[in-house]
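The structure appears below as structure tokens.
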Amino acid sequence: MEPLAPRRAGSKQEEGFGGQPRRVAELVMLPDLRRSSSGVSKNKKSQYLLSNCEEQENSSSWILENIKKKECVYFVKSSTLSDAGKVVCECGYPREQHLAEAMNPYAFQGEEWDPKKHVKEMPTDAFGDIAFRDVGQKVGKYVRLSQDTPSHIIYHLITQHWDLDIPNLLISVTGGAKDFNMKPRLKSIFRRGLVKVAHTTGAWIITGGTHAGVMKQVGEAVRDFSLSSSRNEGELVTIGIATWGAVHNRRSLIHPTLLPSHLQGGFCAEYVVDEEGQGHLTCLDSNHSHFILVDDGTHGCYGVEIALRTKLEKFISEQTKERGGVAIKIPIVCVVLEGGPGTLQTIYNAITNGTPCVIVEGSGRVADVIAQVASLPISEITISLIQQKLSMFFQEMFETFTESRIVEWTKKIQDIVRKRQLLTIFREGKDGQQDVDVAILQALLKASRSHDHFGHENWDHQLKLAVAWNRVDIARSEIFTDEWQWKPSELHTIMTAALISNKPEFVKLFLENGLQLKEFVTWDTLSSLYRNLDPSCLFQYKLQKVLAEDPEHPTAVPADPRVHMHFVAQVLRELLGDFTQPLYPRFRPYDQVRLTLRVPHGKPNDSSGDAAFKRDPARDLLIWAIVQNRRKLAEIIWDQSQECIAAALACTKILKELSKEEEDTDSLEEMLALADEYEHRAIGVFTECYRKDEERAQKLLVRVSQAWGTTTCLQLALEAKDMKFMSHGGVQAFLTKVWWGQLCVDNGLWRVILCMLAFPLLCTHLISFREKRLQAVRGLLRVRAFFSAPVVIFHVNILSYFLFLCLFSYVLMVDFQPTPSHCEYVIYFWLFSLTCEELRQLFYDPDGCGLRKRAFLYFNDFWNKLDIIAILLFIVGLTCRLIPALLYTGRVLLSLDFIMFCLRLMHIFTVSKTLGPKIIIVKRMMKDVFFFIFLLAVWVVSFGVAKQAILIHNESRVDWIFRGVIYQSYLTIFGQMPAYIDGVNFSLDDCSPNGTEPYKPKCPESDTNLQAPAFPEWLTVILLCLYLLFTNILLLNLLIAMFKSRSTRTRSGSSSATT
732 MEPLAPRRAG SKQEEGFGGQ PRRVAELVML PDLRRSSSGV SKNKKSQYLL SNCEEQENSS
792 SWILENIKKK ECVYFVKSST LSDAGKVVCE CGYPREQHLA EAMNPYAFQG EEWDPKKHVK
852 EMPTDAFGDI AFRDVGQKVG KYVRLSQDTP SHIIYHLITQ HWDLDIPNLL ISVTGGAKDF
912 NMKPRLKSIF RRGLVKVAHT TGAWIITGGT HAGVMKQVGE AVRDFSLSSS RNEGELVTIG
972 IATWGAVHNR RSLIHPTLLP SHLQGGFCAE YVVDEEGQGH LTCLDSNHSH FILVDDGTHG
1032 CYGVEIALRT KLEKFISEQT KERGGVAIKI PIVCVVLEGG PGTLQTIYNA ITNGTPCVIV
1092 EGSGRVADVI AQVASLPISE ITISLIQQKL SMFFQEMFET FTESRIVEWT KKIQDIVRKR
1152 QLLTIFREGK DGQQDVDVAI LQALLKASRS HDHFGHENWD HQLKLAVAWN RVDIARSEIF
1212 TDEWQWKPSE LHTIMTAALI SNKPEFVKLF LENGLQLKEF VTWDTLSSLY RNLDPSCLFQ
1272 YKLQKVLAED PEHPTAVPAD PRVHMHFVAQ VLRELLGDFT QPLYPRFRPY DQVRLTLRVP
1332 HGKPNDSSGD AAFKRDPARD LLIWAIVQNR RKLAEIIWDQ SQECIAAALA CTKILKELSK
1392 EEEDTDSLEE MLALADEYEH RAIGVFTECY RKDEERAQKL LVRVSQAWGT TTCLQLALEA
1452 KDMKFMSHGG VQAFLTKVWW GQLCVDNGLW RVILCMLAFP LLCTHLISFR EKRLQAVRGL
1512 LRVRAFFSAP VVIFHVNILS YFLFLCLFSY VLMVDFQPTP SHCEYVIYFW LFSLTCEELR
1572 QLFYDPDGCG LRKRAFLYFN DFWNKLDIIA ILLFIVGLTC RLIPALLYTG RVLLSLDFIM
1632 FCLRLMHIFT VSKTLGPKII IVKRMMKDVF FFIFLLAVWV VSFGVAKQAI LIHNESRVDW
1692 IFRGVIYQSY LTIFGQMPAY IDGVNFSLDD CSPNGTEPYK PKCPESDTNL QAPAFPEWLT
1752 VILLCLYLLF TNILLLNLLI AMFKSRSTRT RSGSSSATT
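Take 732 as the starting number for the sequence shown in the working numbering and just add one per residue.
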């Protein structure tokens, strides 16, 4: 970095020493730049904040133990004064800025000042959060440390205590330390390209950190990105490494106390950027996110940080980052703008160490000198040419260049240009509209081809870099070219990394370049993918739960991936439903590895133990992407599926089941939106198939999919409740065809009912059949085909149920004898058949899911519960009916049971296109009714109690209290006014004065002669009016509005559900 030239102070303020720092309450509450985990749920926020405080305390303790600063311990008066005219030490600090021991150094008495001997390390006193005044809520991290601090300590601080993710790229920006002018277009291109490469690749940008020169350009680029980007895009990591002794207002960064107990819990320093009063010092740039302030114990000296920065960058570039089984060393690139002699030395050192450099031509001085000679042969880069360039670009300081210095520059420039593979010149307008980000990444790829890698290893390394940077455009233009022919097997490892790191564009690129999913997806690959699920993924939690509950898991062979895939199959079957077969087999540790499995030819839902499994690579990857809610990745893989409709419907089923357990609202909405998207995909594919061939498209609905657990598209859609798919015209046409069986769908319903009542009419042509064979024959074959049609069976069932209800009502009202009649015995037999049907539904298990699961599914249905209650109530009523003493009680119970059997008609008529939507709307309105009843009960009870207390004195009969409080108040809503409430029509014949007559209410408060009421009629009348106002007008109209709203919202949905 080019050091700043000393400038004359414009004020008498002591350089670099501002006022004491002050703790600002608002600043303490500002969020820091630590990246909190996205998996922390909202209901655990308090626990997270508590752990964050503990983490800050631990971080402070670690910093105090491991990070040191440097202090002068021997005050030696300097021959020069400070800009403010004060006496200073040889270190540059005034007397009052020294420790007490430095004033009387008995050990060093009479010695000359030596920085190696008279500057000592001690625990740092400046670290924590830094907030810049007048720049909003931007908070960064900073630390003051010794120039001798080891690089691994600094790296540990950055990654562990500042919580920065390990970068995929390190961008070291160097150049002029003083402000310089750039063309507006070039400046815009540089800023846009720098932030783009940093954002897309997850890079760290390292600069000098001050508010001047190239550092200011970088800071403004970061600022523009922050203003134009959303919060979800994250913050750019910009680390400024500056000299502590050259920072203006650095006193505000020092903790107000040196006691460690006060340092615990974090410190937020308020820093003021004061360019006018900085003198020959410099201010920190407010747009950087982190600052490393290098201290050598001196004041006003520049360039102290260069050695530490070089070592730190080299250390970081030697670290390895691993993701998805692919490990790469962190690449580093040096970007140069403008610059002077110091910048030339930085470029020379970088090239010597094998670091690629990008020179921005047009930025001025050293950058332009190198850019103009970079394309020339070494022999043409002569002293005279360099002298000419220096006179052109260093006009102000050209006279200071001696002949020996020009020769030195010429040799260094020749050495730089000699390694052209490490040198990239960015020229505005070169190669079309190329941006800086492309030039930076191309420089890294070009450098990687020059050393350490050869042949396939070289290209493989470049591809790993492109994947780590998430720059598919670079991979297309620089890697997948005619220079190297990629074999599909060479892409497998990187494909796994692209899947795990969720980079769908690379997955698409690999598929376009010949990668075969059939060869890529193996049991080992699937196991690796599921071992690297997103930790915040709900599926990961369910999988871990299954692993913990499995008794064989602790003894299983860890290296056998097939064991793990069986656990995955368990979770998937729970999501897809028990009607599906497991998607992955349960291998034993002693089984042989079989990568190719045969396709079964069994029937649907065949649960035999020797059923084979079909391995579908597109299905396997699609499930893996869907359970993590990765939309783009799932879309690319779904395009590779052979059974697109079944795959899309299975995705909707999985997503809807996961959404039921998802607690995070954002994730829940994303899952439901993705489920809706895949339902539309299934509709789109089926629509296209139906348009081309209706018959074959309808066969797709019932075609057994071996890949999806021997199920069908229709069954998946029904289980997932994909009503939009079910309401599709083609699906409805197929269901109508199934509904009518072998009958033609154009037969009128009246014809069917007529033939049901008089089946000899089947011998005529009143009913038409789809098959010509049935249309031509007569007799039993036609009768069997007619009565086996679902539409006929349904209407026969309705007819028989109506007969059952009619016979039941006849027995209850007309023929209920002490001894059961013949009609009553018929009812007993009829109920026995209904009971057998309910038991069949409960115990019949075609999917092999077990009695417990069947019972759960059975009792989870409301209508099944109603059937069970009706049957049990009938049994209780029948038992009482057969006991002579309880004959009447039995009749009452059976009468109530008749109501429940009548309610069952609503379930039967739900399938009707006319009544079905209305029944669904009524069912959903019941929820609103319960809320309304609560509001109504408040008014009914309050009015009833007040009325009863005012009118009646000490009523002790519970039944008459209930009538007065609840019953009469409820009837008032419908127009039946309470007796005597207004004092009119008072009569002793209609009431009981003492409340002793059981069939008369107690008389209201009256005079001593019991001739006239004595309660305040005006008060009861007012209460009645208010009661009717709120109940009849307000609450009833509220109920109507609620019903109307509910009806409007559910009308279309209920119509789809009925189809």
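Ideal Cβ positions, reconstructed from N, Cα and C, are used throughout, including at glycine.
Give the single residue among the options whose Cα lies nearest to the Cα of residue i.
i	options	result
V1252	I1664, F1417 and I1354	I1354
D1690	E842, Y1730 and C1032	Y1730
L1485	V1523, S1458, V1167 and Y1701	V1523
R1346	I1357, Q1373, V1358 and N1360	Q1373
G1615	F1632, M946, C1268 and F1547	Going by the sequence as given, residue 1615 is Pro instead of Gly. Residue F1547 is the option with its Cα nearest to P1615.
E1366	A1413, E1394 and L984	A1413
K909	Y1315, Q1699 and G1071	G1071
Q1371	K1363, R1350, L1386 and S809	R1350
L1246	T1256, R1583, V1476 and H1223	H1223
D1016	K1045, H979 and E966	H979
A986	T1550, W1140, F863 and S791	Residue identity check: residue 986 is His in the sequence provided, not Ala. Closest option to H986, Cα to Cα, is S791.
W1254	P1521, A1300 and F1270	A1300
L901	M913, Y886 and F911	Y886
T1383	L1364, F1456, C1420 and Q1312	F1456
V1669	S1700, S1643 and R1655	S1700
I1063	I1171, S1122 and E1069	I1171
Distance check for residue j and residue i, CA to CA, integer angstroms please.
i	j	result
W975	D1026	5 Å
I1621	T1396	Sequence inspection shows Gly at residue 1621; the Ile mentioned does not correspond to that position. The straight-line gap from Cα to Cα measures roughly 52 Å.
L888	G971	15 Å
I1771	V1660	10 Å
L1792	C1032	There is simply no residue 1792 to check, as the chain begins at 732 and stops at 1790 in what is shown.
H1864	F858	The requested residue 1864 does not occur in the structure, where the chain is confined to residues 732 to 1790.
F1535	R1612	19 Å
L1306	L1389	7 Å
R1096	P915	17 Å
G750	V1004	For G750, the predicted structure reports a pLDDT of 36, less than 50, and the residue's modelled location is therefore unreliable. A value from the coordinates is still provided. Roughly 13 Å separates the two Cα atoms.
L1039	I1023	10 Å
E821	S813	11 Å
A1601	I1683	42 Å
W1749	M1708	15 Å
R739	V1089	Because R739 carries a pLDDT of 34, less than 50, the predicted location of this residue cannot be relied on, and the following value inherits that uncertainty. Distance between the alpha carbons of R739 and V1089: 34 Å.
T1074	R982	30 Å
I1061	T1051	6 Å
G1726	F1593	46 Å
So, under 8 Å CB-CB, residue i and residue j are touching, yes? Tell me the CB distance rounded to an integer number of Å.
i	j	result
I920	E1092	About 12 Å; that fails the 8 Å criterion.
I1156	A1105	5 Å
L1043	Y873	With 8 Å as the limit, L1043 and Y873 do not qualify as a contact, their Cβ atoms being about 15 Å apart.
F1046	H1297	Not a contact, Cβ separation roughly 45 Å.
R954	N1018	4 Å
I936	V949	6 Å
V1514	M1487	Not confirmed; about 11 Å, so no contact.
inquiry  = For a minimum of 3 consecutive residues, which ranges assigned as the beta strand (DSSP E) are wholly contained in the segment 808 to 877?
reply    = 808 to 812, 818 to 820, 850 to 854, 858 to 863 and 870 to 877
Problem - Touch test, the segment 1126 to 1133 against the segment 881 to 897, Cβ-Cβ under 8 Å, three pairs minimum - result: no
Evaluate the contact criterion for the segment 1630 to 1648 versus the segment 1583 to 1600: three or more CB pairs, one atom per stretch, below 8 Å. yes
**Asked** If you pair each beta-carbon of the segment 1433 to 1443 with each one of the segment 1397 to 1409, do three or more pairs fall below 8 Å?
**Response** no
Exercise. Quick one: complete alpha helix (DSSP H) runs, 4+ long, within the segment 1512 to 1590?
Worked result: 1521 to 1544, 1553 to 1574 and 1582 to 1590
Which whole runs of the alpha helix (DSSP H) in the segment 1342 to 1414 are 4 residues long or more, in chain order?
-> 1348 to 1357, 1362 to 1369 and 1375 to 1392
Note to self: Tell me whether the segment 1672 to 1682 and the segment 1750 to 1757 touch, counting them as touching only if at least three CB pairs, one residue from each stretch, are closer than 8 Å.
What the structure shows: yes
3-residue-minimum beta strand (DSSP E) runs that sit fully inside the segment 891 to 926, ordered along the chain:
900 to 906
Is the segment 1189 to 1209 in contact with the segment 1227 to 1243, if contact means three or more CB pairs nearer than 8 Å?
yes
| query | Taking three-plus beta-carbon pairs below 8 Å as touching, is the segment 1548 to 1560 in contact with the segment 1496 to 1510? | reply | no
* For the 8 Å Cβ check, are there 3 or more pairs between the segment 1510 to 1522 and the segment 1538 to 1545? -> no
Problem set entry | Length at least 3, wholly inside the segment 1613 to 1647: the beta strand (DSSP E) runs in chain order | none
Notebook entry, point to check: With a cut-off of 8 Å, do at least 3 Cβ pairs link the segment 1470 to 1478 to the segment 1444 to 1458?
Noted result: no
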